[in-house]
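Just below is one structure, and these are the notes that go with it.
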Amino acid sequence: MQKRKLGNSGLAVSTLGLGCMGMSFGYGPAADKQEMIALIRAAVEKGITFFDTAEVYGPFTNETLLGEALAPFRDEVVIATKFGFKDTGDGSGRWNGLDSRPEHIRAVAEASLKRLKVEAIDLFYQHRVDPNVPIEEVAGTVSDLIQEGKVKYFGLSEADAQTIRKAHAVQTVAALQSEYSLWWRAPETEIIPTLEELGIGFVPFSPLGRGFLTGKIDTNTHFDPTDFRNTLPRFSQEARQANQALIDLLGTIARNKDASPAQIALAWLSAQKPWIVPIPGTTKLHRLEENIDSVNIILTAEDLKEIEEAASKITIQGDRYPEHLQKMVGKS
Ligand SMILES: NC(=O)c1ccc[n+]([C@@H]2O[C@H](COP(=O)([O-])OP(=O)(O)OC[C@H]3O[C@@H](n4cnc5c(N)ncnc54)[C@H](OP(=O)(O)O)[C@@H]3O)[C@@H](O)[C@H]2O)c1
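Each residue of the sequence shown is one higher than the one before, counting from 1 in our numbering.
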């Protein structure tokens with residue numbers, strides 16, 4: 001698989017990464033560990049060099065999974081992880097608010113290094129902007145960790161343009177990881193122009209709309225009771241029904257290109273900028289292969305115009321997060 005550069009940072013990764021969250025967290029019970037190790041290793045064999053995790057996924061078990069799965073390929077891959085949530089500390093594995101105080105960032109880095117079995121964290125993102133800690137202080141702490149050789153590159157997630165600028169002035173931001181896909185296009189207004197100006201790469205999370213953009217989820221789909229999507233307004237029955245129009249559009253384009261809706265959703269993202277690297281997540285080998293094949297789909301200027309025109313007539317229904325989580329994410 002070809003590589004892409006994440007902005008001007010010097011960090012190069014495969015055109016498509018692999019989001020590993022759903023293997024341990026978020027979308028129902030964790031998948032079988034040995035099966036996930038095999039899946040991650042299959043991804044490496046198929047050319048993926050960019051793997052995404054966070055301490056909160058599990059919690060902790062997703063980082064441990066990646067550490068074990070990727071140990072034989074350490075020098076070939078880039079592992080990204082994240083800090084910034086506050087552990088309740090009661091052993092329940094629950095998170096309560098944000099914590100990007102320097103001492104906490106340092107403690108998370110040390111723990112993540114152990115779980116990932118690496119000497120340096122390749123890309124260390126702040127998971128959410130902490131309103132109680134100036135971003136300059138956060139960037140300064142990660143800068144110190146880089147000087148000490150414990151971290152290689154710095155990233156942000158769901159930060160607004162002003163925060164990105166302030167952080168980048170202290171320590172080069174290699175990548176922003178925020179939600180971006182055909183059903184969440186707010187980053188186009190201010191974020192993407194800012195990233196372009198500053199030479200920062202963009203890693204869209206939930207590039208398949210948490211599965212919806214694949215066309216495999218409809219009003220009849222029942223999620224496991226522990227599945228996070230049960231809490232998202234965008235996955236309510238009404239929203240799923242209304243947003244089906246976008247799936248119909250993807251289906252039409254997919255038929256013309258002899259591709260699947262998931263592949264069109266990913267190819268569309270990659271076509272937006274040469275420094276965008278989506279990280280779709282899956283727990284299934286055949287879907288991993290399907291997603292990887294999207295890198296061979298070329299959307300022409302005419303295809304992109306057709307998608308743009310049709311998409312502009314569709315109003316997406318439902319907030320992407322429930323209210324308490326919506327407060328923590330970028331609006332633009
Ligand atoms: N920074 C943040 O705050 C943040 C937030 C959310 C996610 N992330 C990162 O972004 C990664 C990707 O996002 P995501 O997992 O939320 O959403 P996603 O990649 O948009 O979608 C994942 C869902 O789509 C399904 N799927 C994947 N490929 C498919 C295909 N070809 N056909 C049909 N279904 C398919 C998966 O189910 P199966 O497993 O059954 O295939 C899974 O339920 C995560 O793993 C995580 O690393 C970061």
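Glycine included, every Cβ here is placed at the ideal spot set by N, Cα and C.
Straight-line measurement puts the Cα of E306 at about 45 angstroms from the Cα of I105.
Around the beta carbon of H324, fewer than 16 other beta carbons lie within 10 angstroms, which makes this residue exposed.
In this structure, the CA atom of K46 is about 15 angstroms from the CA atom of P72.
Annotation for N96: K86, T88 place their beta carbon closer than 6 angstroms to its own, counting only its chain and skipping 5 residues before and after. Linking T282 to Q2 through their CA atoms gives a straight-line distance of about 21 angstroms.
Here the C-alpha atom of K166 lies approximately 13 angstroms from the C-alpha atom of L176. Here DSSP, grouped into helix, strand and coil, assigns T81 to strand. Relative to ligand 1, the beta carbon of F205 is positioned inside 7 angstroms of a heavy atom. Relative to ligand 1, even the nearest heavy atom lies 7 angstroms or more away from the CB of T64. Counting only runs of 4+ residues, the alpha helix (DSSP H) found wholly inside the region 122 to 202 occupies 135 to 147, 161 to 170, 191 to 198, in chain order. Here G281 is bridged, per DSSP, to G19.
By the Cβ criterion, the region 235 to 242 is not in contact with the region 37 to 54, since fewer than three pairs of Cβ atoms, one from each stretch, lie closer than 8 angstroms. The beta carbon of Y321 sits closer than 7 angstroms to the beta carbons of L232, V329 from its chain, once the five residues preceding and following it are set aside; these are given in chain order. D52: member of the beta strand (DSSP E) spanning 50 to 52, first to last residue. Inter-residue distance for I48 and A271 is about 18 angstroms (C-alpha atoms, whole angstroms). For K216, the Cβ falls inside the 7 angstroms cut-off from some heavy atom of ligand 1.
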